[in-house]
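Since the structure comes first, as structure tokens, the remarks are kept for the end.
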Amino acid sequence: MNKILLVIQREYLVRVKKKSFLYTTIGVPLIIIIFYASIIAIGMSGGHEKNKIAVIDEANLLNNGMEKAKDDGAEYVFITGQSPDSLKVSYKGKGYDFFLYIPPFDVTQNTTHIQLYSQSPVALNQKNKIEKAIDNAIELRRLQSVNISREQYRSIKSDVSIENKIVNGREEKKSVAGVASGVAFVCGMLIYIIMLIYGTMVMRGVMEEKINRIAEVMVSSVKPFQLMMGKIIGIGAVGLTQFAIWIVLIVGLQFLLPIFIPSFDPASIPHAGQMPGGTPESVSMLATMRTGLHSVPWGLIIFCFIFYFIGGYMLYASLFAAIGSCVSEDQNEAQSMVFPVMMPIVLGFVIMTKAIAEPNSPLAIFGSIFPLTSPVVMMGRIMYNVPVSQLIISMLLLVLGFLFFAWLTAKIYRTGILMYGKKVSWKEMIRWAIRKS
Amino acid sequence: MNRLEVKHLKKYYTSQKAVDDISFTLAPGSIFGLLGPNGAGKTTLIRMITGILFPDAGEIIFNGQPFNPDRDIAYIGYMPEEKGLYKKMKIGDQAMYLAQLKGLSKATAMERVKHWFVKFEMESWWNRKVEDLSKGMQQKLQFVTTVLNDPKLIILDEPFSGLDPVNSNLIKDEIYQLAKNGSSIIFSTHRMEQVEEICDHIILVNKGQKILDGSVTAVKQQFKENIYAIGLEQNPSPINSPVFEVINNKPHQLLLKINEGYKPNDVLLYFLQQQAAIQSFHEILPSLSEIFIKLVEGTPLTRQFQTVTA
Numbered sequence: 001m002n003k004i005l006l007v008i009q010r011e012y013l014v015r016v017k018k019k020s021f022l023y024t025t026i027g028v029p030l031i032i033i034i035f036y037a038s039i040i041a042i043g044m045s046g047g048h049e050k051n052k053i054a055v056i057d058e059a060n061l062l063n064n065g066m067e068k069a070k071d072d073g074a075e076y077v078f079i080t081g082q083s084p085d086s087l088k089v090s091y092k093g094k095g096y097d098f099f100l101y102i103p104p105f106d107v108t109q110n111t112t113h114i115q116l117y118s119q120s121p122v123a124l125n126q127k128n129k130i131e132k133a134i135d136n137a138i139e140l141r142r143l144q145s146v147n148i149s150r151e152q153y154r155s156i157k158s159d160v161s162i163e164n165k166i167v168n169g170r171e172e173k174k175s176v177a178g179v180a181s182g183v184a185f186v187c188g189m190l191i192y193i194i195m196l197i198y199g200t201m202v203m204r205g206v207m208e209e210k211i212n213r214i215a216e217v218m219v220s221s222v223k224p225f226q227l228m229m230g231k232i233i234g235i236g237a238v239g240l241t242q243f244a245i246w247i248v249l250i251v252g253l254q255f256l257l258p259i260f261i262p263s264f265d266p267a268s269i270p271h272a273g274q275m276p277g278g279t280p281e282s283v284s285m286l287a288t289m290r291t292g293l294h295s296v297p298w299g300l301i302i303f304c305f306i307f308y309f310i311g312g313y314m315l316y317a318s319l320f321a322a323i324g325s326c327v328s329e330d331q332n333e334a335q336s337m338v339f340p341v342m343m344p345i346v347l348g349f350v351i352m353t354k355a356i357a358e359p360n361s362p363l364a365i366f367g368s369i370f371p372l373t374s375p376v377v378m379m380g381r382i383m384y385n386v387p388v389s390q391l392i393i394s395m396l397l398l399v400l401g402f403l404f405f406a407w408l409t410a411k412i413y414r415t416g417i418l419m420y421g422k423k424v425s426w427k428e429m430i431r432w433a434i435r436k437s
Numbered sequence: 001m002n003r004l005e006v007k008h009l010k011k012y013y014t015s016q017k018a019v020d021d022i023s024f025t026l027a028p029g030s031i032f033g034l035l036g037p038n039g040a041g042k043t044t045l046i047r048m049i050t051g052i053l054f055p056d057a058g059e060i061i062f063n064g065q066p067f068n069p070d071r072d073i074a075y076i077g078y079m080p081e082e083k084g085l086y087k088k089m090k091i092g093d094q095a096m097y098l099a100q101l102k103g104l105s106k107a108t109a110m111e112r113v114k115h116w117f118v119k120f121e122m123e124s125w126w127n128r129k130v131e132d133l134s135k136g137m138q139q140k141l142q143f144v145t146t147v148l149n150d151p152k153l154i155i156l157d158e159p160f161s162g163l164d165p166v167n168s169n170l171i172k173d174e175i176y177q178l179a180k181n182g183s184s185i186i187f188s189t190h191r192m193e194q195v196e197e198i199c200d201h202i203i204l205v206n207k208g209q210k211i212l213d214g215s216v217t218a219v220k221q222q223f224k225e226n227i228y229a230i231g232l233e234q235n236p237s238p239i240n241s242p243v244f245e246v247i248n249n250k251p252h253q254l255l256l257k258i259n260e261g262y263k264p265n266d267v268l269l270y271f272l273q274q275q276a277a278i279q280s281f282h283e284i285l286p287s288l289s290e291i292f293i294k295l296v297e298g299t300p301l302t303r304q305f306q307t308v309t310a
């Protein structure tokens with residue numbers, strides 16, 4: 001037992017002390033933050049474009065005044081006494097970016113004759129804004145023609161949004177399907193990535209020992225099983241450390257961010273009407289997200305995440321270790337050998353994306369119980385009140401699955417790490433696995 | 001009490017009998033040469049003695065008790081032919097790690113590692129990485145990690161490959177010293193002149209079987225061919241005697257093979273009768289290399305695969 005601890009300690013320290021560990025641990029969240037910051041920045045910078053648009057309104061639709069959308073920065077100049085045909089060729093020279101031509105038409109009918117002239121395609125955003133303004137004007141005309149005031153119309157118009165309330169006996173919570181599936185997807189995705197990244201890390205570690213002939217020195221002091229488990233646990237601990245650091249960083253940033261960017265303060269979101277570019281829709285969306293996030297059963301998710309992280313990682317790491325012990329020096333060989341191990345992980349990911357849409361379909365239930373796919377799939381289902389019995393069966397099977405594969409792969413590993421020079425065939429691996437000690 | 005007794009050890013793989021009924025004993029303090037052509041089964045034999053592989057049949061007795069890898073591994077040091085160290089690990093850490101895996105406490109490990117590093121003038125290596133070392137330096141480090149735990153049985157597979165004469169001698173002296181302190185050493189190599197120089201006992205393994213076992217002098221006696229060298233002031237001519245055949249005729253030096261039924265004295269008598277002035281006379285014993293080739297010759301260079309019916 002003491003020896004396993006020594007192996008774990010070495011595997012852990014060697015990786016944590018590496019500079020690349022520091023880079024990835026600090027770098028990954030930094031990249032994510034920069035990514036989101038730039039998305040937000042791009043989103044906020046919309047509407048700053050100031051176009052000058054010449055308008056000939058032969059239908060007298062707009063009464064020489066454009067009812068602009070709030071974030072429409074364009075300047076509309078109404079031109080009279082000039083034919084559209086001459087302006088069509090000269091608007092650019094007169095300092096206009098576009099030329100909007102509204103020919104006379106019957107406001108009770110929809111028209112397709114309104115034209116917007118430009119040198120290059122007009123930004124979709126700008127086009128939408130112009131369309132909206134004209135729609136408003138036409139609507140107003142139509143309302144007037146049946147003697148309805150705009151205020152009356154607004155009071156008639158309905159804008160319903162249905163709230164999905166979940167009653168599970170304990171607490172009545174608001175659920176927001178979008179947020180739930182988002183969190184589920186992120187969790188499943190994380191487990192998927194973890195199993196791939198740390199699994200291949202185990203495989204490379206085993207290959208290093210085999211190729212550098214360290215294995216032979218090592219197994220004359222420790223049992224191959226201790227060496228394998230030490231490596232798996234050590235690398236798993238590296239993963240957990242990395243996650244712990246990320247969580248600390250994220251929580252820390254949540255406190256730090258409002259200091260640097262005041263508009264990030266979550267408390268200001270409900271009355272963020274004054275926010276630049278904060279349309280009522282986006283404000284309500286943020287509010288929904290907040291309530292949605294509050295409705296997420298965080299305790300359960302974190303528990304399951306840690307459980308399935310450890311379980312799934314351990315199971316796949318032992319498979320990756322067996323593969324690593326069987327490849328010879330050739331790196332390309334590892335690629336082809338590793339494929340059958342990657343398959344169920346990828347399959348789990350596919351089932352997980354389905355499970356988010358239909359969390360109680362037979363495929364989702366099977367995927368979340370079968371140990372090779374359960375870590376990924378169960379994380380996709382966990383938001384949708386999985387029956388406790390299924391959760392227990394799934395966890396139990398994962399533990400049993402790990403023990404089974406560890407036992408099986410240890411036998412392959414023990415033989416594989418001391419075989420030099422030749423590639424081990426699947427047939428041989430199976431023979432090593434099933435023969436008695 | 002023997003340090004190690006190996007009794008009828010067998011290990012069969014699907015395609016060949018790697019070790020087929022090998023027995024030998026190893027006394028404390030003896031340096032034991034394990035010889036054999038490539039693929040003879042030496043590595044498999046060593047792996048069974050170091051507890052890496054389980055024998056299919058047979059028995060290993062270590063220090064008078066049946067070999068128990070879990071317990072006895074702490075008293076065995078094994079330096080495999082393929083030297084392996086963690087390339088990215090600091091040398092000091094690596095030595096400490098391997099010492100602790102052998103069951104030494106951290107304090108003892110530190111003390112031993114320091115002792116050996118000073119002895120081999122490796123103190124300045126502590127914070128360097130293995131990948132910075134030359135092959136010979138790695139070899140030295142590997143030797144140190146093998147003997148750190150003061151093992152009772154040391155198995156060295158080609159310990160001198162890649163070492164310059166100075167470092168070879170350094171390690172050779174350590175081997176003698178360890179043997180003098182009671183450790184038994186199994187020394188596996190293809191370099192016969194080293195075996196002749198270092199070992200006091202050898203076994204020769206071929207095709208998984210032991211074909212020779214004995215002390216170096218006894219083996220040489222066993223395979224001697226009654227060849228003598230005689231130094232003369234002037235070679236008599238013609239030389240014609242029923243006592244011997246001349247194998248090689250050089251000025252002042254003759255190589256003779258004494259015929260059956262005659263003694264060295266008969267040779268001397270003949271030359272004395274010839275009035276030749278004898279300067280020297282001594283027996284030429286076969287070198288281990290010659291014995292090796294003689295015994296192994298005729299068998300295919302590499303082992304052929306065979307079907308095993310165990």
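Protein sequence lines, in the order shown, are assigned to chains Y and W. Last residue of the first sequence: 437 (the UniProt record's numbering), numbering continuous. Last residue of the second sequence: 310 (the UniProt record's numbering), numbering continuous. All C-beta atoms, glycine included, are put in the ideal place defined by N, C-alpha and C. Because the structure is a prediction, the values reported are computed rather than measured.
Sequence-distant Cβ neighbours of Y:K88 in its own chain, meaning closer than 8 Å and more than five residues away, are F99, Y101, Y117. Per the DSSP secondary-structure output, W:K250 pairs in a beta bridge with W:Q253. Chain-order list of chain W residues neighbouring Y:I214: G84, L85, Y86, by C-beta distance under 8 Å. Neighbours of W:T50 in chain Y, taken as residues at a C-beta separation under 8 Å, are given in chain order as S220. DSSP places Y:Y96 outside both helix and strand once states are collapsed to three, so it counts as coil. Considering only Y:M195, Y:A317, Y:W246, Y:L227, the residue with the shortest C-alpha distance to Y:I8 is Y:L227. With a beta-carbon spacing of about 6 Å, W:G136 and W:D164 fall inside the 8 Å limit used to define contacts.
Judged by DSSP secondary structure, W:N265 falls within the alpha helix (DSSP H) whose first and last residues are 264 to 273. Ranked by Cα distance from Y:G252, the first of Y:S220, Y:L22, Y:P29, Y:V386 is Y:P29. Those residues of the stretch 238 to 258 of chain Y placed with their C-beta closer than 8 Å to a C-beta in chain W do not exist.
Per DSSP, reduced to three states, the secondary structure at W:D132 is helical.
Residue-level contact by beta carbon fails for W:M122 and chain Y, as no gap is shorter than 8 Å. For the pair Y:E151 and Y:N128, the Cα-to-Cα distance works out to about 24 Å. Of the candidates Y:L62, Y:F370, Y:I197, the residue whose Cα lies closest to the Cα of Y:N136 is Y:L62. Assignment of beta-bridge partners to W:Q209 by DSSP yields W:N206.
For W:F32, the number of other beta carbons within 10 angstroms of its own is at least 16, and it is reported as buried.
The beta-carbon of W:K102 is placed less than 8 Å from the nearest beta-carbon of chain Y.
Secondary structure note for Y:M314: its alpha helix (DSSP H) is the uninterrupted segment 298 to 326. For Y:R204, no CB of chain W lies under 8 Å from its own CB, so it is not counted at the interface with that chain. Contact between W:V246 and W:N259 does not hold, since the beta-carbon distance rounds to 12 Å and is not under 8 Å. The stretch 92 to 165 of chain Y contains, as complete alpha helix (DSSP H) runs of 4+ residues, the segments 124 to 145, 150 to 156 (chain order). When the alpha-carbon of W:L26 is set against those of W:I211, W:P66, W:S183, W:L170, the nearest one is in W:S183. The continuous beta strand (DSSP E) containing W:H282 extends over residues 278 to 284. Contact between W:P236 and W:Q274 holds, since their C-beta atoms are separated by about 4 Å, short of 8 Å.
The C-beta of W:P80 comes closer than 8 Å to at least one C-beta of chain Y. Not flagged as an interface residue toward chain Y: W:Y75, since no C-beta distance is shorter than 8 Å.
Flagged as an interface residue toward chain Y: W:Y97, by a C-beta distance shorter than 8 Å. Here DSSP, grouped into helix, strand and coil, assigns W:A40 to coil. Classified as exposed, Y:Y23 has fewer than 16 neighbouring CB atoms from the shown chains inside 10 Å of its CB. Closer than 7 Å at the C-beta level to chain W, one finds these residues of the stretch 6 to 17 of chain Y: L6, R10, V14.
Excluding the 5 residues flanking it on each side, W:K10 has same chain C-beta neighbours closer than 7 Å at V19, D20, D21, P55, D56, A57, G58, in chain order. At least 8 Å separates the beta-carbon of Y:V341 from that of Y:L315.
Under the three-state reduction of DSSP, Y:I79 is assigned to coil, being neither helix nor strand. A distance below 6 Å between beta-carbons, with the five flanking residues on each side excluded, links Y:Y96 to the following residues of its chain, in chain order: K52, A54. Residue contact check for W:M110 against chain Y: no CB pair falls below 8 Å.
Shortest Cα-Cα distance from W:I198 to any of W:I76, W:H282, W:V6, W:P159 involves W:P159.
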